[in-house]
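In my numbering, the protein residues as written are 1134 to 1389.
Idealized CB from N, CA, C, for every residue including glycine.
Some notes on the structure that comes next.
Take a look at the structure:
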């Protein structure tokens, strides 16, 4: 289990949520709602202050419609119903939750003050993920989604559970400065976000092993525990091998 506060972009996770009883408000049908199943949301509370709008307590889940069409919303959707949506009509009782699902994290945002929403509790974090087999650039331009994936709000009342499957460059933190085996200095801002200080665009990532030069603006010596961890973590393998291991788990391309 991983604390949701510790989730980082690039992480490969298994996310789940216990299936919880609820009621179907609208089944799959014709017209604009044919790609959604609407259910009463069992976790959030309606914000009665109405300072930001009004919510009726219903959430629409993206699903494949009766014609077999799978919209982008259904591709991204993590929540599932039991029984499946095609067996449900308005008034039916069902359960909604997330079976253990492999995802990769495309972005993490913190909200201070909490994000303004029409439900309670208001989110303090947004974690955006894509299910296995989906990459950022595979979303069609016509979708209302921005291509980054499905948004989760840990701590918003939904009892998510997160298991860490893989964290590339687990011993580095955003903003770290390192030297590589080829003698180049780099800034690390994420596993797929490297900047060479020499300004040369040749080589998009450093050559292992790596030496931690600075963290949080403070120099680090090779004997510092953080520097030892970085050296040990990159003593074997390469950036390319890390990409291959990540891709094998996610079935996706790294988020640009």
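Asked, Found
"Taking residue 1177 and residue 1253 to be in contact with their CB atoms under 8 Å, please state how far apart those CB atoms are, rounded to whole angstroms.", "7 Å"
"Secondary structure at residue 1392, three-state DSSP: helix, strand or coil?", "The structure shown does not extend to residue 1392, since the chain is modelled only from 1134 to 1389, so the question has no answer here."
"Measure the C-alpha to C-alpha separation of residue 1290 and residue 1356 and round it to an integer number of angstroms.", "43 Å"
"Measure from the C-beta of residue 1380 to each C-beta in chain C and report whether the shortest distance is under 9 Å.", "No chain C appears in the structure shown, which is made up of a single protein chain."
"Compute the Euclidean distance between the alpha carbons of residue 1214 and residue 1185, then round it to the nearest angstrom.", "29 Å"
"Any idea if residue 1145 is buried or exposed, counting beta-carbon neighbours within 10 angstroms, 16 or more meaning buried?", "buried"
"Which class does residue 1293 belong to by DSSP, given the choice of helix, strand or coil?", "coil"
"Taking only three categories from DSSP, how would you classify residue 1306?", "coil"
"How would you write the range of the beta strand (DSSP E) that residue 1191 sits in, first residue to last?", "1191–1195"
"Going straight from the alpha carbon of residue 1247 to that of residue 1157, what length do you get?", "30 Å"
"Going by DSSP, what residue range makes up the beta strand (DSSP E) through residue 1319?", "1318–1321"
"Restricting to Cα atoms, I'd like to know which of 1334, 1367, 1265, 1257 is closest to residue 1137.", "1257"
"Should the region 1295–1313 be called in touch with the region 1359–1367, which here means at least 3 C-beta pairs below 8 Å?", "yes"
"So the candidates are 1148, 1143, 1142, 1234; which of them puts its Cα closest to the Cα of residue 1295?", "1148"
"According to the Cβ coordinates, are residue 1389 and residue 1269 closer than 9 Å?", "yes"
"Give the DSSP bridge partners of residue 1329, in chain order.", "1319"
"In terms of residue numbering, what span does the alpha helix (DSSP H) encompassing residue 1373 cover?", "1372–1383"
"Ordered along the chain, which non-local residues of its own chain (more than five positions away) have a Cβ less than 6 Å from that of residue 1372?", "1338"
"Thinking just about the alpha-carbon of each residue, which of 1266, 1327, 1345 is nearest to the one in residue 1304?", "1345"
"What first and last residue would you give for the beta strand (DSSP E) that runs through residue 1149?", "1145–1159"
"On the criterion of 16 or more Cβ atoms from any shown chain inside 10 Å, does residue 1328 qualify as buried, or is it exposed?", "exposed"
"According to the neighbour-count rule (16 or more other Cβ atoms, all chains shown, within 10 Å of its Cβ), is residue 1210 buried or exposed?", "buried"
"Whole-angstrom Cβ separation of residue 1170 and residue 1218, contact assumed at under 8 Å?", "4 Å"
"Look at residue 1194 and residue 1229 and say whether their C-beta atoms are less than 9 Å apart.", "yes"
"With a threshold of 16 other CB atoms inside 10 Å of the CB of residue 1163, please say whether the residue is buried or exposed.", "Only weak support exists for where residue 1163 lies, its pLDDT of 48 falling under 50; the coordinates are left without a value."
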